[in-house]
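Quick note on our numbering: the sequence shown kicks off at 22 and runs consecutively. All C-beta atoms in this analysis are idealised placements derived from N, C-alpha and C, irrespective of residue type, glycine included.
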Amino acid sequence: MTVATGVGSYPGEDFDEALRVVLGELTDLPHLPEVPGRGITAGMVGRGLAVVADLGVDLQPAGWRLTDAPGVDHRRARSLLAQDLDALEEHGQGLAGTFKIQVCGPWTLAATVEKPRGDKVLSDHGARRELAQALAHGLVDHVRDVRRRLPAIERLVVQVDEPALAAVLDAQVPTASGFGRHRSVDRPEASESLGWVLGAIAGAGAEPWVHSCAPGTPLGLLRGAGARGLSVDLTMLSAADHDALAEALDGGDTVALGVVPGTDPETGLTDAHVTESVLRWLDMLGLDPGEVTDRLVLTPSCGLAGASPGWVRTALAVLRKAAANL
């Protein structure tokens, strides 16, 4: 059975309201919403650093930076995540089936967070290795905590967000000065670090997915590193991407297909339009819908933080109806 879910982020500053929308609209595959409108500690990177174990960070004028001990903003990020999980535990009593959480991936963190003396973690082989391993370690505890709070959940999905991975591999991440670019990371190293994180998720009893709506993300590398689900924007796919997704579906993995805009569209969109576009895509790949739709998930193209509240509800309703059509 095809189901619908969200990518992660929602507009506004009210986490409880975002959670109510998710639990009300995405009944087959709800997820833990992110509400970055509350501030940088609630954003994707702050959320990821709240999960990281054994490393301290603090917020500087240039952004997040590694420190000897957790700073006040790092403690706030961890406290905010704990509060959100408390709310999930309260509102999610009795939730069963499948649930999804999201976390910022190791390469997006490395391309965003600075070393203690400046410049990105990405510039230092040892530092990026340490950050990836600390994220993997922290995720084991995070998965256990979510499972403790939602004891009836049978299948827990952890979506690793890697919007910066393509830029990391293509040497497109700017240096601190802004006048240069960091050297590209070799694909074996990129796969190894992702493998630590995805392997930790699987080892904790959850199902690892990777999401990126950035063009040029190597989907084959993600599967090789251990991703059992690929979350992508349908409008950003290359010919090679289509082949990789067909292989994933044939191989029994999940494909989460971004099929509605993440911001308010200029023209209306119906579930019939979405259903037709997905069926056309499957036909182009030569796949029988009856054989693969149980491994297909429909999502927005990316997070919904930039959308209006009205479009959020419309988009999720369209996704849910289109999934039922399929």
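Extent of the continuous beta strand (DSSP E) to which residue i belongs
i	result
R150	Not the beta strand (DSSP E): R150 falls in the alpha helix (DSSP H), residues 146-170.
K121	118-125
P229	228-232
Cutoff 6 Å; reference residue i; Cβ partners in own chain excluding five residues on either side
i	result
H163	V72
T320	T26, V28, A277, G279
R176	T119
E110	R170
G126	V181, D182, E183
The alpha helix (DSSP H) enclosing residue i, as first and last residue numbers
i	result
S214	208-224
S100	93-112
A187	186-190
R86	No alpha helix (DSSP H) holds R86; the beta strand (DSSP E) holding it covers 84-88.
L395	Only positions 22 to 347 of the chain appear in this structure, which leaves residue 395 out of reach.
D75	Note, D75: premise wrong, no alpha helix (DSSP H); not H, not E.
D262	260-271
G241	240-246
Residue i - DSSP class collapsed to helix/strand/coil
i	result
K342	helix
P195	strand
H203	coil
D182	strand
V24	strand
D35	coil
A277	strand
G307	coil
L251	strand
E287	coil
L347	coil
L53	coil
R41	helix
S298	helix
R59	helix
L177	strand
L80	strand
Contact belief for residue i with residue j at Cβ below 8 Å, rounded distance in angstroms
i	j	result
A108	F36	6 Å
L317	T23	5 Å
C351	D262	Because the chain spans 22 through 347 in this model, residue 351 falls outside it and cannot be assessed.
L190	P239	7 Å
A130	V66	Residue identity check: residue 130 is Leu in the sequence provided, not Ala. About 7 Å separates the two Cβ atoms, so the contact holds.
L50	K121	6 Å
L251	G283	The pair is not a contact, with the Cβ atoms about 18 Å apart (cut-off 8 Å).
G58	E38	Their Cβ separation, rounded to whole angstroms, is 11 Å, which puts G58 and E38 out of contact at 8 Å.
L347	T314	5 Å
V281	V295	6 Å
Q106	R68	Per the sequence presented here, residue 106 reads as Leu, with Gln not at that position. At roughly 12 Å, the Cβ-Cβ gap does not stay under 8 Å, so L106 and R68 are not in contact.
A187	A235	5 Å
T353	A98	Lying before the first or after the last residue shown, residue 353 is absent from the chain, which here runs from 22 to 347.
A344	L308	Going by Cβ atoms, the distance from A344 to L308 rounds to 17 Å, so no, they are not a contact pair.
Short CB-CB distance (under 8 Å) between residue i and chain B
i	result
V124	In the structure shown, chain B cannot be found, because there is only a single protein chain.
Own chain residues within Cβ distance below 7 Å of residue i, not counting five before or after
i	result
H203	K141, L143, S144, A192, V194, T196
H95	L70, G77, V78, D79
T291	V339
A265	L240, G241
P330	P32, G33
G115	A173
L306	H263, A267
Close-in-space but distant-in-sequence residues of the same chain around residue i (CB under 8 Å, 5 per side omitted)
i	result
L242	R208, A211, S212, L215
G224	V161
Exercise. For the region 172-186 against the region 80-96, are there 3 or more C-beta pairs whose distance is under 8 Å?
Worked result: no
For this session: Decide if the region 39-53 is in contact with the region 134-154; the criterion is three or more beta carbon pairs, one per stretch, under 8 Å apart.
Result: no
Exercise. Three or more beta-carbon pairs under 8 Å between the region 245-254 and the region 205-221, yes or no?
Worked result: yes
Exercise. Using 8 Å as the threshold, is the region 146-156 in touch with the region 73-88, meaning 3 or more CB pairs across them?
Worked result: yes
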